[in-house]
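K.L.:
Sending over a structure as structure tokens; questions will come in a sec.
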Amino acid sequence: MRIRQTGLKRPSRGITMFGILIGIIVLITFVLPAIRSVPSLMEYQAITRAVKQARERASTREEVASAFDKQAAIDDITSIKGEDLEVLDGGGSIQAVRFSYKREVPLYGPIGLVITYSGTQR
């Protein structure tokens, strides 16, 4: 005995294999570089704080470099040294402290992401 279906057939729902593949490709392409660059961004924030503290505490270029190096040792900053800071002083007081550096973040095999960081503390 055969049973006839009289209603419309509903399309199946759910994630297809193609959908999963596209999701994995998007994850690898966009999320992985973002995740791998987080430590670099955290170090940039630490550098910004250290430069600000060094500028506030020091009155000469040598003192700024020394104060930055001390804070860099505490915060484990390795991308930049106190001697790399550009100190702008005018009339015996420090006007601003600038810094700039590049950081390479390895992604996939020979492919990497180069990020240029810079900042000024006035």
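Counting from 1, one number per residue, gives the positions in the sequence shown under full-length UniProt numbering.
Every residue gets a Cβ at the ideal spot worked out from N, C-alpha and C, and that includes glycine.
1) On the CB-based measure, 16 or more other CB atoms within 10 Å of its CB, does V31 come out buried or exposed?
2) Comparing alpha-carbon positions, which option in Y108, G91 and R55 lies nearest G82?
3) What does the alpha-carbon distance come out to for the pair T116 and L85?
4) Can you find the residues in the same chain that come closer than 6 Å, C-beta to C-beta, to Y101, ignoring five residues on each side of it along the sequence?
5) I need the straight-line Cα distance from F99 to G119, nearest angstrom please.
6) Please list, in chain order, all residues of the same chain as R103 whose beta carbon is under 7 Å from its beta carbon, the five residues on each side excluded.
7) Taking Cβ to Cβ, would you say A46 is nearer than 7 Å to D75?
8) Does R10 come out as helix, strand or coil in the three-state DSSP assignment?
P.N.:
Once the coordinates are examined:
1) exposed
2) R55
3) 15 Å
4) S79, I80 and Y117
5) 6 Å
6) S40, S79, I115 and Y117
7) yes
8) coil
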